[in-house]
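What follows is a short report on a single structure.
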Amino acid sequence: MTQPAAKHLILDLLVAKDGEPLQVREAIIACRLFGLTENSVRVALARLAAESLVEGAERGSYRLGPSAVELSEELTAWRTVETRLRRWSGAYLMVSCISLGRVDRTALARRERALEMLGFREWDKSLYVRPDNVEGNVDTVRRRLTKLGVEPAAAVFVAMGFDTAQEARIRALWDGEALSNAYRTLGAQLEDWLARAPELDLDVAAREAFLLGGKAIRQVVFDPLLPEPFVDAAARAAFIECARRYVGVGHRIWRALFDSERPAAAAAPSAAAVSRLH
77 MTQPAAKHLI
87 LDLLVAKDGE
97 PLQVREAIIA
107 CRLFGLTENS
117 VRVALARLAA
127 ESLVEGAERG
137 SYRLGPSAVE
147 LSEELTAWRT
157 VETRLRRWSG
167 AYLMVSCISL
177 GRVDRTALAR
187 RERALEMLGF
197 REWDKSLYVR
207 PDNVEGNVDT
217 VRRRLTKLGV
227 EPAAAVFVAM
237 GFDTAQEARI
247 RALWDGEALS
257 NAYRTLGAQL
267 EDWLARAPEL
277 DLDVAAREAF
287 LLGGKAIRQV
297 VFDPLLPEPF
307 VDAAARAAFI
317 ECARRYVGVG
327 HRIWRALFDS
337 ERPAAAAAPS
347 AAAVSRLH
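Residues 77 to 354 in the numbering used here are what the sequence shown spells out, letter by letter.
As structure tokens, this is what we get:
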């Protein structure tokens, strides 16, 4: 797995803190696990602050800044993502961005990221589609898209009655088999790690939990949440449940790591310390 940059590692830690400040000491401990220096942590914090992605909290600590709060709320909601699902009637949600233009590259990137996060795919030029099986109604979808960065002028509506060829084109926009296989494969990796984690030293367990846990969370956050028969919905549900257990264990491991590095902490952490966290 790719080693995280200090900037991304700090942001991930702050999101995991769920609103609580991150101490600089904790950021240094975390980055050290990945071979990053204390200086790189302080440089990353300065750059994040300049971009309003973090801001000072209590002395020697930081919290998410205004530019990151809304996206963070979306990311931390992954644990309850299944509550957004409802029975699919066969209709589709459509978003037309034809009137928005593509000249502003920053706005375009923000728009496309928002559409991807909500599972939309481009069916025709500037026309995006997904099954209408999420949220309570189209107004809720419209509000979420706007909150994530889609311009309010985008047309969001429900469509149905496509002919056979059009329906086939829409369904081909997602690789449902690959998604279903990913649920099973990544779920098996999480279960395997949970089984062997008690044997790992605390620093090794923390590093591995961060890398594999981040991969699992990204899978959920960017999952299109397709209904049957696009994907194996039961496999997805089992994977998300496993991811919740995994991340819970990972958080306990990281808290133990931070506690072990306090000045009053006793001997170096061992595999036994990880075993007690399960």
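By construction, the Cβ of each residue, glycine as well, lies at the ideal position given by its N, Cα and C atoms.
Legend entry - Segment limits, beta strand (DSSP E) that includes M170: Y168 to S172
Inset, instruction - May I ask you to report which of helix, strand or coil DSSP gives R178? - result: coil
Legend entry - 7 Å Cβ shell around V307 - same chain, five flanking residues per side excluded: G252, L255 and S256
Legend entry - Spatially closest choice to V210 from Y168, E96 and A231, by CA coordinates: Y168
Inset, instruction - Please work out which residues of its chain come closer than 7 Å, Cβ to Cβ, to V91, disregarding the five sequence neighbours upstream and downstream, and give them in chain order. - result: S148, L151 and T152
Legend entry - 4-residue-minimum alpha helix (DSSP H) runs that sit fully inside the region 269-326, ordered along the chain: 278-297
Inset, instruction - Check whether the Cβ atoms of A82 and S116 sit closer than 7 Å, and answer yes or no. - result: yes
Legend entry - Sequence-distant residues of the same chain with beta carbon closer than 7 Å to F233, five excluded per side: M170 and V214
Inset, instruction - Report the rounded CA-to-CA distance for A341 versus I105, giving the unit in angstroms. - result: Confidence is the limiting factor: at A341 the pLDDT is only 47, short of 50, which leaves the residue's position unreliable, though a coordinate-based value still follows. Answer to the nearest angstrom: the Cα atoms are 14 Å apart.
Inset, instruction - Pick helix, strand or coil for A235, following the three-state DSSP scheme. - result: strand
Inset, instruction - Answer with buried or exposed for I174, where buried requires no fewer than 16 other C-beta atoms within 10 angstroms of its C-beta. - result: exposed
Inset, instruction - Flag this pair as yes or no: are the beta carbons of A285 and G326 separated by less than 7 Å? - result: yes
Legend entry - Under 7 Å between C-beta atoms of W330 and A282: yes
Inset, instruction - Consult DSSP for S336 and reduce its assignment to one of helix, strand or coil. - result: helix
Inset, instruction - Assess, as a yes-or-no matter, whether the region 116-129 is touched by the region 188-200 under the definition of 3 or more beta carbon pairs within less than 8 Å. - result: no
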